[in-house]
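In this note's numbering, the protein residues as written are 1 to 401.
As structure tokens, this is what we get:
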């Protein structure tokens, strides 16, 4: 049943039950009493699970067998999913954290500053024309940053370096010039390609407990109203391995005014068919080489790169090209895939491959185990609604009622 609407004010076990079932008297908030047969019901929770009356239920209060404790029942899809993760989902803490992060259920760790003090944090920035000092304000002074690499791609001076050095206590910020191809996605793939072997070496030296972090950012903060707090972002990375800087976007059939809640997860079948005919957000967006006949849809590009992604009904998507990941997650994909990705994104500046890459970062930098992927599906599936936006096919959302 939908757990919304009325309140059960009391449940008592009557003496009329036979050998195979108990009879319960169920008090509803309109002061009427309904008698309901429940096969071998051991608790009010089983009554909730089997309740067949038209009345929708929110919670149980009162007593059963003189037990005066109030029994709280989840009322909204988000509460139901959180309860599912906490009490019903079988798996490791890591798996539960992955599910919670993917479904927007994770809360900031109270010890996140201390946790992050034990790991190295790197920042990679793709720069074209914007002042980067906002990064220092977003990250804050509580977190110790090991190094910052800025890839300058448009031949313009990088403004805001002084603020980064002062606020992040760095003596230098490494600025490297790259050709203006593939936007930020090329810069990120280039950094990964160049650091893959050193990350692998560090993992072998420090074993699996090496939880060093890398943040991938654009120079622009035009979507900062949708940024999640830095404490929550680092909690996502620390507990589940990946975090998206921006909150999921509600679009098309998803309606914020009706309290619909967009999810990071996308329906895989629809998502893999994503494509665009053209893209012209900026005046400098040349569309001559935008399309590539070799990659008519997302799946064709993903498969050609050689990325390994778990089999599941839904997959995570992080929009806007700002995210954080544990460095060891990079090693979930073969080095050949990263090299091929960097090569693919070098074809031009405004190209369809960049839009494919933007939508794939969360999947290729998340854990690749099938068990975690199926667990996300298990918790989300009963509440899922699917939008059909042209730019966001397969976007899922829940109605928070």
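From the three backbone atoms N, C-alpha and C, an ideal C-beta is built for every residue, glycine too.
In three-state DSSP terms, what is residue i?
i, result
"residue 290", "coil"
"residue 215", "strand"
"residue 198", "helix"
"residue 333", "coil"
"residue 393", "strand"
"residue 360", "helix"
"residue 347", "coil"
"residue 382", "helix"
"residue 339", "helix"
"residue 271", "helix"
"residue 174", "strand"
"residue 399", "strand"
"residue 450", "With the chain running from 1 to 401 in the structure shown, residue 450 is simply not present."
"residue 376", "helix"
"residue 309", "coil"
Which residue wins for smallest C-alpha separation from residue i, given the options the options?
i, options, result
"residue 150", "133, 196, 203", "133"
"residue 357", "301, 386, 387", "301"
"residue 124", "290, 276, 189, 392", "189"
"residue 263", "362, 161, 355, 193", "362"
"residue 271", "337, 392, 129", "392"
"residue 325", "79, 90, 101", "101"
"residue 314", "336, 338, 381", "381"
"residue 342", "143, 307, 241", "307"
"residue 140", "293, 322, 165, 309", "165"
"residue 179", "232, 364, 155", "155"
"residue 335", "77, 143, 318, 364", "364"
"residue 215", "191, 388, 323, 147", "323"
"residue 250", "394, 88, 142, 294", "394"
"residue 243", "261, 265, 252, 291", "265"
"residue 290", "355, 320, 330, 305", "355"
"residue 228", "119, 318, 195, 269", "318"
"residue 177", "252, 113, 137, 127", "127"
For residue i and residue j, I'd like the C-alpha separation in whole angstroms.
i, j, result
"residue 273", "residue 297", "5 Å"
"residue 224", "residue 390", "24 Å"
"residue 377", "residue 108", "23 Å"
"residue 267", "residue 92", "25 Å"
"residue 163", "residue 311", "44 Å"
"residue 115", "residue 238", "8 Å"
"residue 97", "residue 328", "17 Å"
"residue 86", "residue 104", "14 Å"
"residue 398", "residue 230", "25 Å"
"residue 374", "residue 351", "33 Å"
"residue 259", "residue 83", "20 Å"
"residue 182", "residue 278", "15 Å"
"residue 186", "residue 247", "23 Å"
"residue 174", "residue 210", "24 Å"
"residue 369", "residue 384", "22 Å"
"residue 288", "residue 347", "12 Å"
"residue 340", "residue 233", "29 Å"
"residue 161", "residue 79", "44 Å"
"residue 386", "residue 299", "19 Å"
"residue 153", "residue 130", "12 Å"
"residue 396", "residue 168", "37 Å"
"residue 81", "residue 254", "19 Å"
"residue 192", "residue 338", "7 Å"
"residue 213", "residue 122", "6 Å"
"residue 76", "residue 295", "41 Å"
"residue 42", "residue 88", "With a pLDDT of 48 at residue 42, under the threshold of 50, the modelled position of this residue cannot be trusted, and the question is left open."
"residue 90", "residue 170", "44 Å"
"residue 94", "residue 157", "42 Å"
"residue 184", "residue 305", "18 Å"
"residue 388", "residue 145", "40 Å"
"residue 344", "residue 331", "19 Å"
"residue 359", "residue 303", "14 Å"
"residue 261", "residue 226", "14 Å"
Along the chain, where does the beta strand (DSSP E) containing residue i start, and where does it finish?
i, result
"residue 77", "Per DSSP, residue 77 belongs to no beta strand (DSSP E); it is in the alpha helix (DSSP H), 77-83."
"residue 263", "260-267"
"residue 323", "323-326"
"residue 316", "314-316"
Which residue marks the beginning of the alpha helix (DSSP H) containing residue i, and which one marks its end?
i, result
"residue 471", "Here the chain comprises residues numbered 1 to 401, so residue 471 is not present and cannot be evaluated."
"residue 302", "298-305"
Practice problem: Pick out the complete beta strand (DSSP E) segments inside the segment 93-131, 3 residues or longer, and give them in chain order. | Solution: With a minimum length of 3 residues, the continuous beta strand (DSSP E) runs that stay inside the segment 93-131 are 121-127.
Practice problem: Give, in chain order, every unbroken run of the alpha helix (DSSP H) that is at least 4 residues long and sits entirely within the segment 134-167. | Solution: With a minimum length of 4 residues, the continuous alpha helix (DSSP H) runs that stay inside the segment 134-167 are 134-139, 161-167.
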